[in-house]
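Written below as structure tokens is the structure these notes are about.
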Amino acid sequence: MSTLEALPTASAQVVQAAAEFQWDGNKFEAGIGIAASGGGFRAMLFHAGAFLRLNELGLLPRAKRISSVSGGSIATGYLACVWEALKQNEFKGFKQTYLEPVLAFSRQKIDVVDALTGALPWKSSAAEQVADSYDHYLFKQRTLQNLPDEPRFVFCATNLQSGVLWRFSKPYAGDYVVGRLDQPKLRLAQAVAASSAFPPVLSPLTLKLPSGSLTSWGSGQGPIPDSQIAKFRERVLLTDGGVYDNHGIEPLVKRYSTVLVSDGGAPFSRTAELDTDWISQLRRVLDVTDSQVRALRRRDLIDRLIAGNQIADEAKLVSQQAHGRMGAYWGIDTDPNKANPPGALPCDPAMAHKLAQVETRLSDLGELTSKQLVNWGYVICDRSIRSNYKGQFWQADPAWPYQEARLAE
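Here this note's numbering is used: the sequence shown runs in plain steps of one and ends on residue 886.
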């Protein structure tokens with residue numbers, strides 16, 4: 478008897494539906510996908526520096542899909558806002574058009590103020606307060622329908638009820654369990670706030686959609702019976718996308734032959750000094766669990782990149798339906814000495830390590846630290862791309878985004 482046959486009928490239906498599920502246009506094809514992880518303002522600034530370097534190397538304008546979670550969604554959300562302006566200017570003036578506004582936004586103190594405001598009985602939730610702050614300072618009432626058609630920007634949250642990844646994009650929003658909302662006119666700020674709704678303080682963001690807004694996928698009934706699905710659609714409870722996939726790679730890795738992954742997530746902290754009360758133990762167990770899940774995803778990704786970069790041929794990868802992917806991964810805790818191509822900017826590993834330890838906040842990290850995070854994202858992206866990626870890119874010499882915050886004397 479197979480494993481599937483041994484399951485109760487309802488469970489077998491869920492497994493079968495998940496196995497047969499396909500997102501729209503779900504096919505393996507040549508193209509570049511870019512992922513930006515979670516990690517609050519630390520990750521946002523780290524990614525912004527990486528995007529600057531990807532633009533200089535000629536890779537950013539070629540992206541077909543840009544996927545993000547949490548703090549990465551703030552960085553990609555504003556990139557989506559200015560994409561057409563960048564395109565019209567042939568992606569020149571990237572620092573002025575994109576990087577400087579993101580740096581200015583990083584001076585806000587959002588998490589504490591909005592969490593406290595959201596707790597007031599006459600106010601909406603903390604997540605909605607965060608969305609309003611994003612709108613006020615950065616997104617200016619844009620909706621998902623204001624995003625460019627290409628690349629497709631995908632903002633990932635986690636559906637607490639279905640336990641799977643919920644995607645916000647211009648064509649649709651939803652997950653394969655609850656269903657889809659076509660051409661969503663939701664505010665971009667709501668999508669980003671859901672993606673960055675750190676639990677428990679800034680979570681959940683509740684979506685209440687008009688009855689009948691969500692529909693099932695074209696393949697027929699999903700894993701929830703029709704008799705029960707209406708209850709799931711009355712309200713959708715969303716939390717940080719990093720709860721499900723902190724790297725933001727799920728919308729990319731099965732679709733595109735080249736993936737470029739920027740990881741600004743906090744590294745796991747090893748320590749001999751631990752409190753043993755119940756709450757401290759629970760927090761530590763959750764940290765260990767999260768670390769192991771992230772490590773497994775990262776290991777699979779790096780195995781794919783090693784295999785794909787050895788083949789170094791997108792057409793061949795696609796024709797073979799290969800496991801490998803071309804591309805590169807760089808993390809905020811990557812040792813700069815492990816990727817040191819000719820002409821790389823000097824980087825003190827101790828300074829890089831210190832930046833990896835910056836706390837995960839939606840709050841001002843200080844001018845020097847913020848600029849150093851931009852510089853660090855720029856430097857390690859450059860080193861990783863030029864050391865590992867076997868595709869075509871421009872050989873543009875690197876230069877510090879902020880000379881006053883360089884990472885070496």
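All C-beta atoms in this analysis are idealised placements derived from N, C-alpha and C, irrespective of residue type, glycine included.
Computed from a predicted structure; not experimentally measured.
Considering residue i, what are the terminal residues of the alpha helix (DSSP H) in which it resides?
i      : result
Leu529 : Gly517 to Glu533
Lys831 : Pro826 to Ala833
Leu845 : Glu844 to Asn865
Asp612 : That residue, Asp612, is in no alpha helix (DSSP H); it is neither H nor E in DSSP.
Tyr721 : Gly719 to Asp722
Excluding sequence positions up to five away, which residues of its chain have a Cβ less than 8 Å from the Cβ of residue i?
i      : result
Pro676 : Thr716, Asp717 and Val720
Ile706 : Val655, Gly656, Ser693 and Gly699
His830 : Asp810
Pro878 : Gly526, Leu529, Lys572, Leu576, Lys848, Val851, Asn852 and Tyr855
Taking just the CA atoms, how far does residue j sit from residue i?
i      : j      : result
Asp859 : Lys708 : 48 Å
Val835 : Arg802 : 31 Å
Phe870 : Leu737 : 13 Å
Arg883 : Asp841 : 19 Å
Pro538 : Ala634 : 25 Å
Val559 : Thr574 : 7 Å
Asn636 : Ala792 : 35 Å
Lys647 : Glu605 : 20 Å
Asp812 : Gly742 : 15 Å
Lys504 : Pro728 : 11 Å
Asn814 : Tyr649 : 42 Å
Asn865 : Ser688 : 49 Å
Ser602 : Arg712 : 14 Å
Phe582 : Gln849 : 16 Å
Leu642 : Leu714 : 12 Å
Phe645 : Pro625 : 13 Å
Lys569 : Leu615 : 21 Å
Ile543 : Val851 : 19 Å
Gly868 : Ser847 : 31 Å
Glu881 : Ser796 : 48 Å
Ala805 : Leu782 : 7 Å
Ile511 : Asp780 : 17 Å
His800 : Ile726 : 15 Å
Considering only C-alpha positions, which residue in the set the options is nearest to residue i?
i      : options                           : result
Leu845 : Ile809, Leu580, Ile509 and Ile551 : Leu580
Arg629 : Gly508, Val762 and Val678         : Gly508
Met918 : Arg747, Trp853 and Tyr879         : The chain is shown from 478 up to 886; residue 918 falls before or after that span and cannot be answered.
Leu839 : Ala513, Ile511, Ala520 and Ser514 : Ala520
Leu536 : His800, Gln872, Phe632 and Ala885 : Gln872
Lys617 : Leu782, Gln880 and Gly554         : Gly554
Phe632 : Ser547, Arg584, Asp703 and Phe571 : Ser547
Pro875 : Ser704, Leu773, Ile857 and Lys586 : Ile857
Leu832 : Ile587, Leu563, Gly516 and Ile862 : Gly516
Phe571 : Lys685, Leu534, Ser680 and Asp609 : Leu534
Leu686 : Gly651, Tyr855 and Pro823         : Gly651
Ala552 : Glu627, Arg732 and Pro578         : Pro578
Ala668 : Asp703, Ile701 and Asp612         : Asp612
Gly971 : Tyr653, Val730 and Ala885         : Here the chain comprises residues numbered 478 to 886, so residue 971 is not present and cannot be evaluated.
If you follow the beta strand (DSSP E) that residue i is in, where does it begin and where does it stop?
i      : result
Glu881 : Neither: Glu881 is in no beta strand (DSSP E) and is coded neither H nor E.
Ile511 : Glu506 to Ala513
Val641 : Looking at the DSSP string, Val641 is not in any beta strand (DSSP E), and its letter there is neither H nor E.
Arg629 : Arg629 to Asn636
Ile543 : Ala540 to Val546
Ala805 : Met803 to Gly808
Asp659 : Gly656 to Asp659
Leu737 : Tyr733 to Asp740
Would you say residue i touches the ligand GDP, meaning its beta carbon is less than 7 Å from a heavy atom?
i      : result
Lys685 : Because no ligand of any kind appears in the structure shown, any question about the ligand GDP cannot be addressed here.
Please tell me whether residue i has its Cβ less than 8 Å away from any Cβ of chain D.
i      : result
Ala749 : Judged by its chain identifiers, the structure shown contains no chain D, having just a single protein chain.
Leaving out the 5 sequence neighbours to the left and right, which residues in its chain are closer than 6 Å to residue i when beta-carbon positions are compared?
i      : result
Ser680 : Ala674 and Thr716
Ala816 : Arg860, Ser861 and Ser864
Ala608 : Ala666, Gln667 and Ala670
Pro485 : Residue placement at Pro485 is flagged as unreliable, the pLDDT there being 40, under the threshold of 50; a coordinate-derived value is accordingly withheld.
Lys586 : Ser840 and Asp841
Could you pull out every residue in the same chain whose Cβ sits closer than 7 Å to the Cβ of residue i, ignoring the five residues on either side in sequence?
i      : result
Leu658 : Tyr649, Ala650, Gly651, Leu686, Ser690 and Leu691
Do the stretch 753–760 and the stretch 527–538 make contact, defined as three or more Cβ pairs closer than 8 Å?
no
Would you call the stretch 614–622 and the stretch 656–670 touching, i.e. three or more CB-CB distances under 8 Å?
yes
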